[in-house]
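Colleague: Have a look at this one before I ask anything.
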Amino acid sequence: MTAQTMEELVSLCKRRGFLFQSNDIYGGIKGLYDYGPMGVEFKNNLKQAWWKSMVYERDDTEGLDASILNSPVVLKHSGHEDTFTDPLVDCRACKSRWRADQLFENNKCPNCKSEDLTEPRPFNLMFKTAIGPVDDGSSFAYLRPETCQQIFTNFKNILDSTSRTVPFGIAQMGKAFRNEITPRNFIFRVREFEQMELEFFVKPGTDDEWHEYWINKRIEWWVNQGIKKENLKKIEVEKNELAHYSKRTVDINYVFPHGEEELEGVANRTDFDLGSHTKNQNDFKITSEVMKNSSSTTKLAVQDLEEKKWYIPYVIEPSAGVDRGVLALLNEAYREENVDKDNKRILLSLKPHLSPIKAAVIPLKKNNEELVNLSKEIKSNLQKLGLGRVVLENSGNIGKNYRRHDEIGTPICLTVDFETLEDESVTVRDRDTMKQERVSIENLSEYYKKYFN
Ligand code: GAP
């Protein structure tokens, strides 16, 4: 079971501290959200899982964390200054603005139904900001619209500082910014979001095979994070809808509460980007339409030792949205169950490695010094194992604690009761089955570790 509506997720996220509207106390800003105490842990766990699979578990990738402010020259050569636009339409009657492709009802304003609309005109989605103390328009930067451009501009730095040879990849996670005309559907389409992107450099001619490899690898990864395979769809992007850099893109769509849409795109970017950022492009047989007269001073190419010539690698790019991942996984984990005929519970059946809180330690009575001190000691010992956040719940209300931890997806709750003082064991309650068992304190670390592996 998943959530039935987006409202169920929005309500849970606010109630339990996953997500808040940004600038809320001043009325909020559309398309911006803040991750609260549970949200930040969950999002970090998701990013960590991605990093583990893209960097730590592979022998052919490196990581990068580059600047968010990008030079206009970079985004000129990447094609974004000229082509990163959406078609914008104004309603002359109610003054609202829309993306032309969102006028679902035959060219009528979705707000006031007027047909008095302007012709679509291109609207560049990039945010600009001034660099330095004088804001006279002469010195500015863009907030990056995708994380990957700095991977391309650092290509040579990374080659020179590591011993990598093609095929290899560079992974990066972080913020990206798009001035979306109509942000919508909670955190699905926002103006500030995070991406997890891998640029995987391959020899031209091997690109189609590597593309298939990454499409399958990425679907497998989302399934391992807890998304049912039948809720993921592989969608071939139509030729006339491909981004300016792409030879072929396959979207991995997810059935969100508002409908099926893109969770991740896997593109074959050919030699477009490295070619665009390379000096003396005429030295290479670049297959894509690249910007001419690059002002870059660098040759972003590699040597083919067998054929003794230089070539520009092709790039396969799996690019996932962190926020869309958060939304998909919350939706996938959401359950409502009848505990008995009078009581219902909501739970997030998250995979333990993604749960914001790994375990809650609950002394049965809040002011009992012996129980509370022992609980603190158990909490501290589990925390030291480094598997994620463990909390002490010292409110003395076991029922309420169980409900709260079900709703935030904590896999286990450990209760320290009066029996514990005698038999040195605690009651462990499983989130999904609600089954309880006694586990001796001596064995708790091993039990806990096994639970998360
Ligand atoms: N570097 C390639 C690239 O940026 P994209 O399809 O435009 O490709 C990749 O974006 C992913 O980033 C998308 O699949 C989506 O998950 C996420 N994304 C894009 N725009 C977004 C937005 N406005 N809000 C939230 N996530 C977004």
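First residue of the sequence shown? That's 24 in the numbering used here, and the numbers climb one at a time after it. Just so you know, even glycine gets a beta-carbon here, dropped at the ideal spot from N, CA and C. All values derive from a computational prediction rather than experimental measurement.
Using a threshold of 9 Å, state whether the C-beta atoms of V273 and V260 are closer than that.
Modeller: Closer than 9 Å, so yes.
Colleague: Taking 8 Å as the cut-off, is the beta-carbon of S342 closer than that to any non-hydrogen atom of ligand 1?
Modeller: Because some heavy atom of ligand 1 lies under 8 Å away, the Cβ of S342 counts as near it: yes.
Colleague: Is there contact between the region 334 to 350 and the region 396 to 412, where contact requires at least three CB pairs shorter than 8 Å?
Modeller: No, the region 334 to 350 is not in contact with the region 396 to 412.
Colleague: Can you give me the Cβ contacts of V384 inside the same chain, cut-off strictly under 6 Å, excluding the 5 residues immediately before and after it?
Modeller: Within the same chain, V384 has close Cβ partners S398, I401, K402, L415, L437.
Colleague: Sorry if obvious, but does the Cβ on R412 come closer than 8 Å to a heavy atom of ligand 1?
Modeller: No; taking the cut-off as 8 Å, the Cβ of R412 has no heavy atom of ligand 1 nearer than that.
Colleague: Is it the case that the CB of L286 approaches a heavy atom of ligand 1 more closely than 8 Å?
Modeller: Flag set: Cβ of L286 near ligand 1.
Colleague: Is any heavy atom in ligand 1 found nearer than 8 Å to the beta carbon of V33?
Modeller: Incorrect: V33 has no Cβ contact closer than 8 Å to ligand 1.
Colleague: Among the residues of its own chain, which have a CB less than 6 Å from the CB of K131, if the five just before and after it don't count?
Modeller: Around K131: E138.
Colleague: In whole angstroms, what separates the C-alpha of N177 from that of E104?
Modeller: Cα to Cα, N177 sits roughly 20 Å from E104.
Colleague: Leaving out five residues before and five after N86 in sequence, what residues of the same chain have Cβ atoms less than 6 Å from its Cβ?
Modeller: Looking at the sequence shown, residue 86 is not Asn but Gly. Closer than 6 Å at Cβ, skipping near neighbours: V78, A194.
Colleague: Below 8 Å CB to CB, which residues in the same chain sit around M509 once its five sequence neighbours on both sides are set aside?
Modeller: The first residue shown for the chain is 24 and the last is 476, placing residue 509 beyond what the model contains.
Colleague: Could you give the residue range of the alpha helix (DSSP H) that holds P95?
Modeller: First-last of the alpha helix (DSSP H) with P95: 95 to 100.
Colleague: In the DSSP output, what is C436 paired with across the bridge?
Modeller: DSSP lists A383, R452 as partners of C436.
Colleague: Do T170 and E215 have their C-beta atoms within less than 9 Å of each other?
Modeller: No. Outside cutoff.
Colleague: How big is the Cα-Cα spacing for W121 and G51?
Modeller: Cα to Cα, the separation comes out at about 20 Å.
Colleague: Comparing C-alpha positions only, which one of N129, T456, K136 sits nearest to C117?
Modeller: Nearest of N129, T456, K136 to C117, Cα basis: K136.
Colleague: Please state whether the Cβ-Cβ distance between K257 and I238 is less than 9 Å.
Modeller: Result yes, Cβ atoms of K257 and I238 sit closer than 9 Å.
Colleague: Smallest Cα separation from E393: which of L32, E447, N180?
Modeller: Out of L32, E447, N180, E447 has the C-alpha closest to the C-alpha of E393.
Colleague: Keeping to the same chain, check which residues put their C-beta closer than 6 Å to that of Q406; ignore five residues upstream and five downstream.
Modeller: Once the five neighbours on either side are set aside, the close Cβ partners of Q406 are V413.
Colleague: Closest to L323 by CA distance: which of V349, D296, V345, E330 is it?
Modeller: Out of V349, D296, V345, E330, D296 has the C-alpha closest to the C-alpha of L323.
Colleague: Kindly indicate which residue of L55, S372, N366 has the alpha-carbon position closest to the one of R358.
Modeller: Checked all of L55, S372, N366; the closest Cα to R358 is S372.
Colleague: Measuring from the CB of P110, is there a heavy atom of ligand 1 at a distance below 8 Å?
Modeller: For ligand 1, not one heavy atom lies less than 8 Å from the Cβ of P110.
Colleague: Sorry if obvious, but does the Cβ on P487 come closer than 8 Å to a heavy atom of ligand 1?
Modeller: Residue 487 is absent from the model: the chain starts at 24 and stops at 476.
Colleague: Sorry if obvious, but does the Cβ on D346 come closer than 8 Å to a heavy atom of ligand 1?
Modeller: Flag set: Cβ of D346 near ligand 1.
Colleague: Is the CB-CB distance between S101 and Y236 below 9 Å?
Modeller: Not in contact: S101 and Y236 (Cβ atoms no closer than 9 Å).
Colleague: Quick check on the DSSP output: the beta strand (DSSP E) that includes N291 runs from which residue to which?
Modeller: Run containing N291: 282 to 293, per the beta strand (DSSP E) assignment.
Colleague: Residues bridged to L2 by DSSP?
Modeller: Residue coverage of the chain in this structure runs from 24 to 476, which leaves residue 2 outside it and unanswerable.
Colleague: With DSSP run on the structure shown, which of helix, strand or coil describes K75?
Modeller: Here K75 sits in helix by DSSP.
Colleague: Which word fits Q326, buried or exposed, when buried means at least 16 other C-beta atoms lie within 10 angstroms of its C-beta?
Modeller: Classification of Q326: exposed, given that the 10 Å Cβ count is below 16.
Colleague: Put E360 into one of helix, strand or coil per three-state DSSP.
Modeller: It is a strand residue.
Colleague: Spatial neighbours of I123 within its chain, please: CB distance less than 6 Å, with the 5 preceding and 5 following residues excluded, ordered by chain position.
Modeller: At residue 123 the sequence reads Ala, which differs from the Ile that was named. Around A123: P110, V112, P143.
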